[in-house]
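Chains as they are written, first to last, in the numbering used here: chain B, 1 to 109; chain Y, 1001 to 1115. All C-beta atoms, glycine included, are put in the ideal place defined by N, C-alpha and C. Note that the structure is predicted; figures quoted are calculated from it, not measured.
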């Protein structure tokens, strides 16, 4: 089975940095995704990691350590519009994604 | 601007009624996924198709739910009879198998309320 853990909620200040951790235990591993979901909207793709290391995309970076079953999403220079839920999802065999419960990030002025 | 479309966007119905939700995947995508999202359970995979063939529907209550892809441009999710516990947001997502990431692109969702 799959088990994915991430914090429920985080609060940070505009302009700051926030790191959202995700730990997983899966039978088989075929990539890890991060999605952003604003309230009342659909999840949108942010990043994908399949090899160990850091992937950087503008203000967002995602890190993966397969041996530790660990990933994080780093949000830099936080903006008010970054207030959203961030979903960690692991793809195992068969291309099925299993999602974590999501981390709600609140950015304060 | 290619997007997944879903209809209806909102549905309010009474317990026992049939509900049909429709999804049009992004043109050229060959995998389609149905998810349900609730506050308590988060985002759960109900079923998915590849090249219109059902690959996995283990997440779906078989007695009342059914999913089909009558053609490459239409996927349907049906609940019959509906129950109040089915109230949730139902998302359809599509992806392309040959894309190594096979990123899933989500539709706007159908917000279902069963009274």
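> Do the stretch 10-20 of chain B and the stretch 42-58 of chain B meet, that is, are 3 or more Cβ pairs less than 8 Å apart?
Replying inline: no
7 Å Cβ cut-off: residues of chain B touching residue 1090 of chain Y
Correct list: empty, because the minimum Cβ distance to chain B is about 11 Å.
Can you confirm whether residue 1112 of chain Y, when its beta carbon is compared against all beta carbons of chain B, has any partner nearer than 8 Å?
no
Please report the distance separating the alpha-carbon of residue 42 of chain B from that of residue 1022 of chain Y.
16 Å
Counting pairs of Cβ atoms below 8 Å between the stretch 58-70 of chain B and the stretch 91-101 of chain B, do you hit three or more?
no
- Query: Can you find a C-beta in chain B that's less than 8 Å from the C-beta of residue 1043 of chain Y?
  - Reply: yes
Which residue comes first and which comes last in the beta strand (DSSP E) that contains residue 18 of chain B? 18-25
Checklist entry - Could you check where the beta strand (DSSP E) with residue 49 of chain B kicks off and where it finishes? => result 44-49
Measure the C-alpha to C-alpha separation of residue 1103 of chain Y and residue 1096 of chain Y and round it to an integer number of angstroms.
7 Å
Worksheet item: What residue does the beta strand (DSSP E) around residue 1056 of chain Y start on, and which one ends it?
Response: 1053-1056
- Task: State the Cα-Cα distance for the pair residue 79 of chain B and residue 1016 of chain Y, rounded to the nearest angstrom.
- Result: Whole-angstrom Cα-Cα distance: 45 Å.
Can you give the Cα-Cα distance for residue 1043 of chain Y and residue 74 of chain B, rounded to whole angstroms?
Whole-angstrom Cα-Cα distance: 22 Å.
Quick check on residue 106 of chain B - is its C-beta less than 8 Å from some C-beta in chain Y? no
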